[in-house]
Amino acid sequence: MNDQALPDSIAIAGAWGYIGLKFVEAAIQLGITPRVYDPGPRPYSVDPASLRLFADENAFYRCPAPFFHLALHPKDRQRALATLFERARRGDDLVILNEKPMAAPENPDHCNKILRRVEESGVFLMYDFLELFDPMTQAIDEFLAGMADVIIDEIWMHRSKDRESPDNARNYKIMVPIQYQETVHCIAFVLSLLGKLHGGLQSLWAGGASMLGVSEPYAPPNPEEYPYVVDGKCDGELLLGGVKVHLHTNFKTGAEFTKRRLIKGRANGKPFVIEADYLEGNKYLLINGEDQDIDPESDSYVGVIRQLWHWRQNVDKEALMAGVYPNARFAKCTYLLSAMLWDSCRHGETVSVDDLDHFLAYRPSFPAELPDLERYASA
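Following my numbering, the numbering of the sequence shown begins with 1243 at its first residue and continues without gaps.
Written out as structure tokens, the structure is:
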């Protein structure tokens, strides 16, 4: 993949937040002048000459950039998406990269609304599950695709960081339960890996799926900003497609900074082991103990821009919007698995679905549980 296959401009909403700023820096690194909108103060580290800053929100969403990144919380995305969907419906060829989760935990019906609007508008919409765009993931997929009779036995997903420390300014950003905020990245990785091996997501649910989890509450440095207590640590066990998946996500004080994966399986009856860490500065990939020579410092956000634009230019749009890619259908599946995990943690029991239809119709209990959560927060 070469840098000539890049958009001529990128428009970034929420540019001064942690994720938005990462994309601003990645665009500049790639030689792309970002168009940005954020009513907050511009960070001192950003040279205003390196970008085009919009003061007017409406003008920003009308700008001719072919690529929009919405680094916004779920509640702030609706206006942006509505405007961009309407542009696409009128014929504008737009690529939208949206942040996760697909909807706020308390508003699951918004997932289906987005799916309908995507279909109506014909827009190209992807979700920012960073690791799915990473060259390391492409290397794992290529390794597995190059073998016959592949069986995955078990997967371990460990993703953690200290998000309670009052010394880190980012920790004052309001978060949703960790099942939706962080575990969803692990779920997305697993869905992508197994979906490709199964030739699509449909057959993954042939034998049903089950989720069992336990969790601990988050202790934010700014508890007065939270309407209810959210989970900040979660251990889950997912059984999907005959594979046992161990999910560990931790935002508690002292948690290590890691994005480790361990995949064990067999090909032609012979065992294989894949070990990886996606944490920037510590990236590595080992296949059967052999180092795959991954740059530990490679920029994940540069990787997203490159890979997304490569897909847009080289893969059929219908396949991108319906296949095993981080599209809206895929994002809904990640959202529902997050909901199953949250429900299991809340009720202390296994949550199961019989097949894909049952899964897609799953109704998370989060909205009905909000009053209880408010009492829990004041207890």
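Note that CB positions come from ideal geometry on N, CA and C, so glycine has one too.
- Going by beta carbons, Phe1431 and Met1399 fall inside the 8 Å limit.
- Burial is judged here by how many other beta carbons sit within 10 angstroms of a residue's own beta carbon; Ser1580 has at least 16 and is buried.
- Residue environment for Asp1533: exposed (fewer than 16 other C-beta atoms within 10 angstroms of its C-beta).
- In the DSSP secondary-structure assignment, Asp1383 is not bridged to any residue.
- The Cβ atoms of Phe1375 and Gln1549 sit closer than 8 Å to each other.
- Nearest in C-alpha terms to Arg1502, of all of Leu1336, Tyr1526, Ser1445, is Tyr1526.
- Contact check for Arg1294 and Ile1393: beta-carbon distance about 51 Å, past the 8 Å limit, so the pair fails to qualify.
- Taking the Cβ atoms as the reference, Asn1410 lies roughly 11 Å from Pro1462, outside the contact range of under 8 Å.
- Excluding residues up to 5 positions away in sequence, Ile1397, Ile1516 lie with their Cβ nearer than 6 Å to the Cβ of Ile1505 in the same chain.
- Tyr1567 and Ser1287 have their C-alpha atoms roughly 34 Å apart.
- For Gly1437 against Glu1458, the beta-carbon gap comes to about 30 Å, at or over 8 Å, which does not count as contact.
- Looking at the DSSP output, Cys1476 shares a beta bridge with Ser1457, Thr1491.
- Within the DSSP bridge table, the entry for Gly1507 names Ile1394, Phe1514 as partners.
- Residue burial annotation: Asn1340 is buried, with at least 16 other C-beta atoms found within 10 angstroms of its C-beta.
- Excluding residues up to 5 positions away in sequence, Leu1336, Ser1363, Gly1364, Val1365 lie with their Cβ nearer than 7 Å to the Cβ of Ala1330 in the same chain.
- Comparing alpha-carbon positions, the option among Val1360, Gly1282, Pro1538, Val1487 lying closest to Lys1559 turns out to be Val1360.
- Secondary structure of Asp1519 (DSSP, three-state): strand.
- The beta carbons of Leu1583 and Thr1325 sit no closer together than 8 Å.
- Cβ atoms of Arg1284 and Phe1302 stay farther apart than 8 Å, at about 15 Å.
- Ser1434 and Asp1383 have their alpha carbons spaced roughly 9 Å apart.
- Ranked by Cα distance from Leu1528, the first of Phe1514, Glu1539, Glu1267 is Phe1514.
- When the alpha-carbon of Val1418 is set against those of Trp1447, Val1472, Ala1451, the nearest one is in Val1472.
- According to the DSSP assignment, Ile1420 belongs to no beta strand (DSSP E) but to the alpha helix (DSSP H) extending over 1420–1423.
- By the neighbour-count criterion, in which 16 or more other beta carbons inside 10 Å mark a residue as buried, Tyr1460 falls on the buried side.
- Exposure of Ala1448 is indicated by the presence of fewer than 16 other C-beta atoms within 10 angstroms of its C-beta.
- The Cβ atoms of Val1595 and Ser1586 do not sit closer than 8 Å to each other.
- Annotation note: the segment 1560–1591 contains the following uninterrupted alpha helix (DSSP H) runs of length 4 or greater, listed N- to C-terminal: 1570–1589.
- Sorting Ile1254, Lys1574, Gly1545, Val1266 by C-alpha distance to the C-alpha of Pro1306 places Ile1254 at the top.
- The beta carbons of Phe1265 and His1311 sit closer together than 8 Å.
- As the crow flies, the alpha-carbon of Thr1576 is around 22 Å from that of Gly1262.
- The three-state secondary structure of Thr1325, taken from DSSP, is helix.
- Residue pairing by DSSP places Leu1295 opposite Val1278 in a beta bridge.
- Cα atoms of Ala1561 and Ala1269: separation of roughly 26 Å, rounded to the nearest angstrom.
- Bounds of the alpha helix (DSSP H) holding Tyr1260 are 1260–1271.
- About 15 Å separates the CB atoms of Asn1556 and Met1563; that is not less than 8 Å, and the two are not in contact.
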